[in-house]
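**Q**
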Amino acid sequence: MPSIEIRDVEDQDLPGVLKVLADSGIDGGHSFTLEEARDHYARIRKWPNFRLLAAIVDGEVAGTYSLLIMDKLGKRGTPAGVVEDVAVLPSRQGQGIGRAMMEHARAECRRAGCYKLALSSNLKRTDAHRFYDSLGFERHGFSFLTEF
């Protein structure tokens, strides 16, 4: 397994993050330009408790995911974590990068006192489902959405 550093995305990482999102297919072909990504990332960096993270392997962005830790009134204010946009370069899949990112997300949620870490996955992404199953995520309830 390669040496994997997981850290918050820095501006110079954005080209690599865009490549991971595009090459993995996670963005459905709707990629930002680099300038758009910089503008958007500058806005979302201001959101409290939202992080865009990168898995760095051999000096390059090999994977990425987003983590939101939500404060709530329910559950006596116990926060909950949500993971989105988990992606690894196709050429780097199977090297433990996705596993390391999900272990990192779990550790961050534990540190924040979250009572759960949730994620959703498109019904068509059966390989991703097997991956999350292998990490001990439970299939729980239903996921609903309205597209705009």
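UniProt numbering puts the first residue of the sequence shown at 1, with every later residue one more than the last.
A virtual CB, placed ideally from N, CA and C, is assigned to each residue, including glycine.
Please confirm whether VAL82 and ALA55 have their CB atoms less than 9 angstroms apart.
**A** Their beta carbons are not under 9 angstroms apart, which means VAL82 does not touch ALA55 by this criterion.
**Q** Using a Cβ-Cβ cut-off of 8 angstroms (strictly less than) and excluding sequence neighbours within five positions of LEU34, which residues of its own chain qualify?
**A** LEU14, PRO15 and LEU18
**Q** Over what stretch of residues does the alpha helix (DSSP H) that includes VAL20 continue unbroken?
**A** Residue range 14-24 is occupied by the alpha helix (DSSP H) that includes VAL20.
**Q** Tell me the rounded alpha-carbon separation between SER64 and ARG76.
**A** Checking the displayed sequence, the identity of residue 64 turns out to be Thr instead of Ser. Cα to Cα, the separation comes out at about 31 angstroms.
**Q** Just the C-alpha distance for GLY98 and VAL86, rounded to the nearest angstrom, thanks.
**A** Near 8 angstroms, if we compare the C-alpha coordinates of VAL86 and GLY98.
**Q** Output the distance between the C-alpha atoms of GLY113 and ARG139, rounded to the nearest integer angstrom.
**A** GLY113 and ARG139 have their C-alpha atoms some 22 angstroms from each other.
**Q** Using only CA atoms, which one of GLU147, SER66 and VAL57 lies nearest to MET1?
**A** Of the listed residues, the one whose Cα sits closest to MET1 is VAL57.
**Q** When the Cα atoms are used, what is the spatial distance from ASP8 to LEU53?
**A** Between ASP8 and LEU53, the C-alpha separation is close to 4 angstroms.
**Q** Mind checking ALA42: buried by the 16 CB within 10 Å criterion, or exposed?
**A** exposed
**Q** If we cut at 9 angstroms on Cβ distances, does ALA80 have a partner in chain D?
**A** Reference to chain D is not applicable here, since this structure consists of a single protein chain.
**Q** For the beta strand (DSSP E) holding MET70, just list the boundary residues, first then last.
**A** 60-70
**Q** Is LEU123 buried or exposed, if buried means 16 or more other CB atoms sit within 10 Å of its CB?
**A** LEU123 is exposed by the Cβ-count criterion.
**Q** Output the boundary residues of the beta strand (DSSP E) element that contains ARG51.
**A** Membership of ARG51 in the beta strand (DSSP E) is indicated by the continuous run 50-57.
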